[in-house]
Amino acid sequence: MAGLYLHVPYCRKACTYCDFHFSTQLSTLPAMVEAMQNELRARWPQGHPMATWYWGGGTPSVLPAASMEALTETLRRHSPLQPGGEFTLEANPEDLTADHLAAWRRLGINRLSVGVQTFVDARLAWMNRAHTGRQAQEGIARAQDAGFENISLDLIYGLPGTSLGEWQDNVGMALELGTPHLSTYALTVEERTALHHAIQSGKTASPDDARASEDFLWLRKHLRSQGWDPYEISNASLPGWRAQHNSAYWAGEAYLGIGPGAHSFDGRDERRWNLPNNARYLKAWAQTPAPPGPSNQPANQQTSQPSNQPTSCSESEHLSPLDRLNERIMTSLRRAEGLSRGDVGDHAKALDGAWETYVRKGWMLQTAEAWSLTDEGLLWMDRIAADGFVSAEDLP
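Here this note's numbering is used: the sequence shown runs in plain steps of one and ends on residue 528.
Here it is, written out as structure tokens:
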């Protein structure tokens with residue numbers, strides 16, 4: 133069963149570090165909502181349920197109540213959420229008002245992913261965020277009072293000019309708020325962002341890799357000491373509170389992406405992505421095209437998979453068995469469970485050799501069932517994974 137990702141490409145402000153696809157021009161929002169409804173109807177077989185719904189962006193919490201209701205009603209009619217499924221809304225702290233929270237509860241949203249980033253006002257201003265640290269604390273408390281238990285907080289570490297003590301204070305505040313999930317990311321500098329321009333012009337310092345590593349290693353050790361489960365390189369939760377939707381990504385399961393810039397995967401070998409261009413997306417989905425033709429399979433054997441045929445605003449690719457294997461290596465090493473030997477078949481012995489040095493260094497754990505990375509090894513994950521990638525010459 134697939135998960136749904138709905139990309140809402142709007143924000144009120146542009147954060148200095150962000151290179152996600154979004155627009156601060158909200159005038160096209162009503163047309164965008166209609167276009168996303170049209171894409172969903174065209175690409176997903178009606179009546180087939182979804183395992184999860186995830187609304188990201190952008191900032192989906194900027195959607196007016198009427199737009200949220202329209203989108204949710206279309207989802208319920210066309211691709212209902214399975215009983216007990218996770219319905220996540222990404223939200224900024226300034227949107228956590230009593231009225232919004234009550235409306236979101238009525239819509240059935242049962243998980244909030246809140247973009248806090250830091251509780252330090254000076255850092256928030258540097259990032260061009262629209263909230264203060266106190267607003268974040270008060271908004272999260274309001275969400276809990278409104279009945280939201282499943283709340284995840286986003287935090288960024290490795291900011292220029294910060295200290296380990298500041299990061300410890302941020303994490304301490306997050307844990308005091310009593311939310312069961314954290315997503316933590318090192319600050320990265322992407323081209324065509326305000327942060328990149330500021331660094332290039334000498335107006336601000338570059339992030340310090342050593343500082344980011346110090347924050348990362350302390351965080352994982354501290355969370356374990358508090359009974360938390362750091363189950364993925366950027367995610368940790370209290371036991372039983374892992375993110376269902378994102379966990380499916382890392383497990384290689386199917387997902388349908390709706391909206392400009394959204395990606396889809398059929399769970400087998402086809403990936404598709406909508407181009408990050410609002411105007412082209414609106415033109416392509418101004419009307420609902422004819423739905424995909426009937427499957428060649430008998431009705432009782434049909435599977436609910438996204439239609440991944442490209443359109444005028446999308447592209448697609450076919451993944452070879454080699455591509456899929458190397459992706460499995462990369463995504464599995466992100467997770468605490470690591471890479472199962474059963475997932476690589478005859479290549480297990482070659483991986484033992486490729487990763488022998490990392491095992492000796494203490495960056496990787498090797499057992500009879502799997503390979504997994506230690507905290508220190510996660511700092512080198514990309515390099516370690518690449519050293520394990522299988523090439524065409526390695527195939528029988």
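Every residue, glycine too, gets a C-beta built ideally from N, C-alpha and C.
Using CA coordinates, which residue listed in the options is at the minimum distance from residue i?
i	options	result
Gln-419	Phe-154, Arg-173, Leu-351	Arg-173
Gly-293	Thr-336, Asp-401, Ser-504	Thr-336
Gly-265	Glu-226, Leu-291, Phe-280	Glu-226
Ala-480	Pro-371, Gly-509, Val-522	Val-522
Ala-163	Gly-391, Ser-472, Thr-463	Gly-391
Ser-345	Ile-331, Tyr-317, Lys-145	Tyr-317
Trp-417	Glu-171, Glu-281, Ser-159	Glu-171
Glu-402	Glu-201, Arg-456, Ile-331	Arg-456
Trp-258	Leu-510, Ala-330, Met-513	Ala-330
Leu-454	Asn-224, Ala-524, Asn-409, Val-140	Ala-524
Trp-373	Phe-154, Pro-215, Leu-158, Thr-220	Thr-220
Ala-167	Gly-189, Thr-148, Val-140, Ser-193	Val-140
Lys-353	Gln-300, Pro-312, His-328	Gln-300
Ala-275	Asn-224, Thr-325, Glu-298	Asn-224
Trp-512	Gly-494, Glu-501, Asn-458	Gly-494
Arg-404	Thr-443, Ala-368, Ser-369	Thr-443
I'd like to know whether the C-beta atoms of residue i and residue j end up nearer to each other than 9 Å.
i	j	result
Phe-397	Tyr-413	no
Tyr-289	Phe-348	yes
Thr-191	Tyr-137	no
Val-303	Ile-272	no
Ala-198	Leu-233	no
Ser-134	Gly-474	Note that residue 134 is Ala in the sequence shown, not Ser. No. Outside cutoff.
Leu-213	Leu-203	no
Arg-261	Lys-145	yes
Arg-467	Glu-364	yes
Arg-255	Leu-291	yes
Ser-284	Ala-375	yes
Ala-306	Val-248	yes
Leu-309	Gln-269	yes
Ala-486	Gly-509	no
Met-200	Leu-239	yes
Ala-383	Thr-499	no
Asn-282	Leu-244	yes
In angstroms, rounded to a whole number, what distance separates the CA positions of residue i and residue j?
i	j	result
Ala-482	Leu-451	22 Å
Gly-389	Pro-362	27 Å
Gln-178	Leu-314	34 Å
Val-476	Ser-211	34 Å
Leu-228	Asn-242	14 Å
Arg-492	Asp-507	15 Å
Asp-151	Ala-183	28 Å
Asn-406	Leu-497	38 Å
Thr-206	Gln-169	7 Å
Pro-355	Gly-470	First, the residue type needs correcting, since residue 355 is Leu and not Pro in the sequence shown. Each residue's alpha carbon lies about 19 Å from the other.
Trp-360	Pro-371	7 Å
Gly-217	His-377	9 Å
Tyr-381	Ile-461	13 Å
Asn-410	Tyr-186	20 Å
Arg-209	Asp-286	32 Å
Leu-505	Leu-465	7 Å
Ala-518	Tyr-149	27 Å
Ala-394	Pro-408	8 Å
Glu-488	Thr-311	39 Å
Pro-181	Val-165	21 Å
Thr-325	Ser-333	12 Å
Asp-514	Asn-458	12 Å
Ser-472	Ser-338	37 Å
By the DSSP assignment, the beta strand (DSSP E) with residue i in it spans what residues?
i	result
Phe-219	213–223
Met-496	496–498
Arg-403	402–406
His-328	Where His-328 is concerned, there is no enclosing beta strand (DSSP E), although the alpha helix (DSSP H) it sits in stretches over 326–332.
Gly-389	387–390
Glu-449	446–450
His-395	395–397
Per DSSP, residue i forms a beta bridge with which residues?
i	result
Gly-188	His-139
Met-182	Leu-213
Gly-247	Asp-286
Ser-155	Tyr-142
Arg-467	Glu-364
Ala-502	Ser-472
His-377	Beta-bridge pairing links His-377 to no other residue.
Ser-369	His-313, Asp-361
What are the boundary residues of the alpha helix (DSSP H) that residue i is part of?
i	result
Ala-318	Unbroken run through Ala-318 is the beta strand (DSSP E), 313–318; no alpha helix (DSSP H).
Asp-341	341–357
Glu-488	488–493
His-479	No alpha helix (DSSP H) contains His-479, which DSSP labels as neither H nor E.
Gln-419	No alpha helix (DSSP H) contains Gln-419, which DSSP labels as neither H nor E.
Pro-162	161–175
Val-303	296–308
Arg-515	513–520
Ile-272	265–277
Should residue i be counted as a contact of the ligand GTP given a C-beta to heavy atom distance under 8 Å?
i	result
Gly-334	The ligand GTP is absent from the structure shown, which contains no ligands of any kind.
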